[in-house]
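Asker:
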């Protein structure tokens, strides 16, 4: 499958030692996965990407409201 037709999806995994102390170690990894359109549909990748886009736009709108516009300075 050519990459221009493939659906890319970034998976995030978080690993933790679950120690409730200052010695807690956390690792966050991101892996970019590529799926053919039919596999992406069956795995629900399109819905996940849609939800991510909605959350991203809500965050952008929220930060835009918090920052005052000082005339471009």
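In my numbering, the protein residues as written are 978 to 1050.
The beta carbon of each residue, even a glycine, is placed where N, CA and C say it ideally should be.
Should the region 991–1009 be called in touch with the region 1033–1043, which here means at least 3 C-beta pairs below 8 Å?
Answerer: The region 991–1009 is not in contact with the region 1033–1043.
Asker: Residues in its own chain within less than 6 Å of residue 991 by CB, not counting five upstream and five downstream?
Answerer: Counting from 1 along the chain shown, the entry for residue 991 is found at position 14. Here the set comprises 1005.
Asker: Quick one: Cα of residue 984 to Cα of residue 995, how far?
Answerer: To locate residue 984, count along the chain shown from 1; it is residue 7. To locate residue 995, count along the chain shown from 1; it is residue 18. So the alpha carbons of these two residues sit roughly 34 Å apart.
Asker: Tell me residue 1006's beta-bridge partners as DSSP assigns them.
Answerer: Taking the chain shown and counting its residues from 1, one reaches residue 1006 at position 29. Paired residue(s): 990.
Asker: Out of 1018, 999, 1039 and 997, point me to the one whose CA is closest to residue 927's CA.
Answerer: Because the chain is modelled from 978 through 1050, residue 927 falls outside the range shown and cannot be assessed.
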